[in-house]
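Undergrad: Letter by letter, the sequence shown follows residues 411 to 746 of this note's numbering.
In this text, a Cβ means the ideal position worked out from N, Cα and C, and glycines have one as well.
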Amino acid sequence: MQAILMTEAGSPDVLTLQEIPQPTPTHPQQLLIRLHAAGVNPIDTKLRQRGTFYPDQMPAVLGCDGAGVVEAVGSGVTNFAPGDEVYFCAGGLGKQGTGNYAEYAVVEEHYVAPKPRSLSFAEAAAAPLVLITAWEALYDRGRLTAGQKVLIQAGAGGVGHVAIQLAKLKGAQVATTVSSPDKERLVRQLGADLPIVYTQSSVSQVIEQWTEGKGVDLGFDTVGGKVFYETFPCVKNYGDVVTLLEPNYQEGNLKVARQRNHRISLELMLTPMLQGLVEAQRYHGEILKQCSEWFDQGRLKLHLSQTFPLAEASAAHHVIEKGSTMGKIALMVSRP
């Protein structure tokens, strides 16, 4: 089969289209999936730059997200059959025999969910990682409940644009930061109550006015760096702050968070894959199943800004590394 191989750490040029053996299921609970599309995420570019989690298993096929059609199932698979359209987030971290920048993937059943009928394969492939990340950050780490107010940093980004919608589905009021009028229009369409163009206004001052001086119940940082620390003044006393990035202590301190008794949580949706936590992997599959229903009910949308042919994976990485992408990017592996 054709696949994009990462032969070494480095620039996007280390990604090359090559012919490699097609993966084969080795366990009863596995599915062989013919991929139609693969999502491209910032984690892919970071692994390409610095090396994968499994440096002794190079070369690697990147790509955690995929969507396609089931070709074959193991004897222990109970919920899927050949011909089913599915989507999932599994593999792509450098482990041999995994990755979705390819024509085929072998995936354990518990990761997989029915593809939303209302989404194209490209849209479905772009969705899983950001859906699971936003769900866990808001619902599990941040304990978001109806009637609360949340600030989502970078609401037009991959995680941010689905986080807005998941927060609204929970019954929360949503403020979100964006960098341009185009992004402001997008987040309004997705349901944001208060878009803040941070290049034009002080985020903390706008939040102070919106909350009558109290601060939001939950601050969700999808950016990291200074933005993590800039979120603290926007969150109320005894409120929650959730970040997707490891805090950089050279860019700020926890003084404001400590003074306000913030509960700080770290979200890394890759943990179940990296540590082999099967129950947590099943939970991810259940999240995708629920989101699939919401997509088909029109309650959830995926903003796909751009697609590339599989052979142009390096170009997709270039676009992500430039920053300011709205929504998601996907690779078209093959067409149904």
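Are the stretch 555 to 568 and the stretch 518 to 533 touching by the rule of at least three beta carbon pairs closer than 8 Å?
TA: Taking 8 Å as the limit for Cβ pairs, the verdict is that the stretch 518 to 533 does not touch the stretch 555 to 568.
Undergrad: Considering just the uninterrupted stretch of the beta strand (DSSP E) at Val633, what are its terminal residues?
TA: Start at 1 with the first residue of the sequence shown, and residue 633 comes out as number 223. Premise fails: Val633 is in no beta strand (DSSP E) and is neither H nor E.
Undergrad: Which of helix, strand or coil does DSSP assign to Val480?
TA: Numbered from 1 along the sequence shown, position 70 holds the residue referred to as residue 480. In this structure, Val480 counts as strand in the three-state DSSP scheme.
Undergrad: Under the assumption that Leu684 contacts Phe463 (Cβ atoms under 8 Å), give the Cβ distance between them as a whole number of angstroms.
TA: As a first step, residue 684 must be located in the sequence shown, where it is residue number 274. As a first step, residue 463 must be located in the sequence shown, where it is residue number 53. With 8 Å as the limit, Leu684 and Phe463 qualify as a contact, their Cβ atoms being about 6 Å apart.
Undergrad: As an exercise, report each continuous beta strand (DSSP E) stretch of at least 3 residues that is fully enclosed by the stretch 480 to 535, in chain order.
TA: List check, beta strand (DSSP E) in window: 495 to 499 and 514 to 518.
Undergrad: Quick check on DSSP: helix, strand or coil for Asp603?
TA: The residue you call residue 603 lines up with position 193 of the sequence shown. Of the three classes helix, strand and coil, the one that applies to Asp603 here is coil, per DSSP.
Undergrad: Where Glu731 and Gln459 are concerned, what is the direct C-alpha to C-alpha distance, given to the nearest angstrom?
TA: Your numbering for residue 731 matches position 321 in the sequence shown. Your numbering for residue 459 matches position 49 in the sequence shown. Near 11 Å, if we compare the C-alpha coordinates of Gln459 and Glu731.
Undergrad: Take Gly619 as the anchor and find which of Ala585, Met416, Gln691 and Leu687 has the nearest alpha-carbon.
TA: Residue 619 sits at position 209 when you count from the first residue of the sequence shown. Looking at the sequence shown, residue 619 is not Gly but Gln. Residue Ala585 is the option with its Cα nearest to Gln619.
Undergrad: DSSP has Leu427 in a bridge; who is on the other side?
TA: Translated into positions along the sequence shown, residue 427 becomes position 17. In the DSSP output, where bridge partners are listed per residue, Leu427 has Ile414.
Undergrad: Would Tyr511 and Leu720 be called neighbours here (beta carbons separated by less than 8 Å)?
TA: Locating residue 511 in the sequence shown gives position 101, counting from the first residue. Locating residue 720 in the sequence shown gives position 310, counting from the first residue. It is a contact, given that the beta carbons lie within the stated cut-off.
Undergrad: Quick one: is the Cβ of Gly662 within less than 7 Å of any heavy atom of the ligand ZN?
TA: Among the ligands in the structure shown, none appear at all, so the ligand ZN cannot be discussed.
Undergrad: Nearest CA to the CA of Thr587: which residue from Met411, Val516, Lys578 and Thr632?
TA: Along the sequence shown, read from residue 1 onward, the residue named residue 587 stands at position 177. Thr587 has its Cα closest to that of Thr632, out of Met411, Val516, Lys578 and Thr632.
Undergrad: Can you tell which of Asn658, Leu655, Asp627 and Glu656 has its C-alpha closest to the C-alpha of Lys646?
TA: Counting from one through the sequence shown, the residue named residue 646 turns up at place 236. Nearest C-alpha to Lys646: Asp627.
Undergrad: Between the beta-carbon of Asp650 and the beta-carbon of Ser612, is there less than 8 Å?
TA: The sequence position of residue 650 within the sequence shown is 240, counting from 1. The sequence position of residue 612 within the sequence shown is 202, counting from 1. No, they are not a contact pair.
Undergrad: Hey, how far is the Cα of Gly581 from the Cα of Leu442?
TA: For the purposes of this step, residue 581 is identified with residue 171 of the sequence shown, where counting begins at 1. For the purposes of this step, residue 442 is identified with residue 32 of the sequence shown, where counting begins at 1. Roughly 38 Å between the two C-alpha positions.
Undergrad: Measuring CA to CA, which of Glu519, Lys525 and Gly473 is closest to Gly504?
TA: Your numbering for residue 504 matches position 94 in the sequence shown. Nearest of Glu519, Lys525 and Gly473 to Gly504, Cα basis: Gly473.
Undergrad: Assign Lys580 to one of three DSSP states: helix, strand, or coil.
TA: Taking the sequence shown and counting its residues from 1, the one referred to as residue 580 is at position 170. Lys580 falls in the coil class under three-state DSSP.
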